[in-house]
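For reference, the structure is listed below as structure tokens.
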Amino acid sequence: MARMKFICDAERCIECNGCVTACKNEHEVPWGVNRRRVVTLNDGVPGEKSISVACMHCSDAPCMAVCPVNCFYRTEEGVVLHDKDVCIGCGYCSYACPFGAPQFPSAGTFGVRGKMDKCTFCAGGPEEHGSKAEFEKYGRNRLAEGKLPACAEMCSTKALLAGDGDVVADILRNRVVQRGKGAEVWGWGTAYGTANGRKS
Amino acid sequence: MKPIRGLSTVAILLAAFAVAACGETPQDASAAGVKVDRPVYQGVGDSPFVAPGWKAGDRTSWQAELKARAQYGQNDYTRMTP
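Residue numbers (this note's numbering), protein chains in the order written: chain U, 1 to 200; chain W, 201 to 282.
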């Protein structure tokens, strides 16, 4: 098996926030913490595009690189997880992450920085699988239940794909071929350039 | 007599000070290290939420289940007739 990956198809995302709701409900994430959120570019302008963003479980994760207490680890499936018993809540990972994935729970009027919380790819954490301790610290362990992340499985337009990187890439490649979009797809020009030099 | 008692008291205090650090708990934040996490294909045990169609502990069947689930649940082109 390849590595577990997320990908969001910007041609399909309709900014319904179903993925955000599914995640919060599945893991009973506290108020103020959003493991996943939908970002809309050019909001309100015709042609606006939305993408669902969470931890991308980077192969060379900057959060892992900067953590002073080394609380991160990577599973065999390429999922980046962390140990909340080791985390000191310093926030370095938050500064390092290009996606803003690390979240910090706040309580009280002015907020208190606690242990970091982030998307686990629904793979729980370093506690007994399916245990109460795992759920309270990290949320449900759907991968160990033979399921894919709730956000992707709940996505109404199947914009958000999750799973084995090879399978996800095949699905997206097939879509691009079927809908006949190649170089004109949103983001292509930014990544690969266009004939007139404009970004798309 | 008195100087000997004073010396022995000092010696005991010095010895106690010398070994005092031995009783301290490690303060290195990563001393305990990250707890070992079991592979996800080991399953969650007896739970009504476990998806049917695979065997806990069997990595191949778990991988096949997730691949099938990804295709069936996310690839709508495989569910349409052209």
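We treat Cβ as the ideally placed atom computed from N, Cα and C, and that holds for glycine.
Three or more beta-carbon pairs separated by less than 8 Å link the segment 161 to 171 of chain U to the segment 269 to 278 of chain W, which places the two stretches in contact. Straight across, the Cα-Cα distance linking Gly-165 (chain U) with Gly-125 (chain U) is about 21 Å. Cβ contact annotation for Lys-84 (chain U) (same chain, cutoff 6 Å, sequence separation greater than five): Lys-115, Lys-137, in chain order. Of all residues in the segment 62 to 78 of chain U, only Pro-68, Val-69, Asn-70, Cys-71, Phe-72, Tyr-73, Thr-75, Glu-76, Glu-77 come within less than 9 Å of chain W when Cβ atoms are compared, listed by chain position. Relative to the Cα of Ile-51 (chain U), the nearest Cα in the group U:His-129, U:Cys-122, U:Ser-131, U:Gly-18 belongs to U:Gly-18. Minimum Cα-Cα distance from Val-176 (chain U) among the listed residues U:Met-4, U:Arg-3, U:Arg-12 corresponds to U:Arg-12.
Short of 6 Å from the beta carbon of Glu-265 (chain W), and not among the five residues preceding or following it, lie these beta carbons of its own chain, in chain order: Gly-253, Trp-254. Pairing Val-167 (chain U) with Lys-267 (chain W), the inter-Cα distance amounts to about 7 Å.
If you compare the alpha carbons of W:Gln-242, W:Pro-248, W:Arg-269 with that of Gly-257 (chain W), the shortest gap goes to W:Gln-242. Measuring C-alpha to C-alpha distances from Pro-30 (chain U) to each of U:Ser-94, U:Thr-40, U:Ile-14, U:Phe-104 identifies U:Phe-104 as the nearest. Per the coordinates, the alpha-carbon of Ser-94 (chain U) lies some 20 Å from the alpha-carbon of Cys-23 (chain U).
Classified as exposed, Glu-28 (chain U) has fewer than 16 neighbouring CB atoms from the shown chains inside 10 Å of its CB. In this chain, the beta strand (DSSP E) harbouring Ala-162 (chain U) covers 160 to 164. Per the coordinates, the alpha-carbon of Arg-142 (chain U) lies some 24 Å from the alpha-carbon of Cys-97 (chain U).
In this structure, the alpha-carbon of Leu-160 (chain U) lies about 20 Å from that of Gly-139 (chain U). For Arg-269 (chain W), the residues of chain U that pass the 9 Å Cβ criterion are Gly-146, Lys-147, Leu-148, Glu-153, Gly-163, in the order they occur in the chain.
Between Cys-63 (chain U) and Val-86 (chain U), the gap from beta carbon to beta carbon reaches 7 Å or more. When the five nearest sequence neighbours on each side are left out, the beta carbons in the same chain lying within less than 8 Å of the beta carbon of Glu-134 (chain U) are those of Gly-124, Gly-125, Glu-127, Glu-128, Asn-141, in order along the chain. With 16 or more other CB atoms across the displayed protein chains lying within 10 angstroms of its CB, Leu-148 (chain U) is buried. Relative to the Cα of Cys-151 (chain U), the nearest Cα in the group U:Cys-119, U:Gly-47, U:Lys-49 belongs to U:Cys-119.
In the three-state reduction of the DSSP assignment, Val-167 (chain U) falls in the helix class, which pools H, G and I. For the segment 66 to 113 of chain U, the continuous beta strand (DSSP E) assignments of 3+ residues that do not extend past its boundaries occur at 72 to 74, 80 to 82, in sequence order. For Thr-40 (chain U), the three-state secondary structure derived from DSSP is strand.
Going by DSSP, Lys-49 (chain U) is part of the beta strand (DSSP E) stretching over 49 to 53. The beta carbon of Met-1 (chain U) is closer than 6 Å to those of Asp-164 in its chain, skipping five residues each way along the sequence. Among the residues of chain W, those whose CB is under 7 Å from the CB of Lys-158 (chain U) are Gln-274, Asp-276, following chain order.
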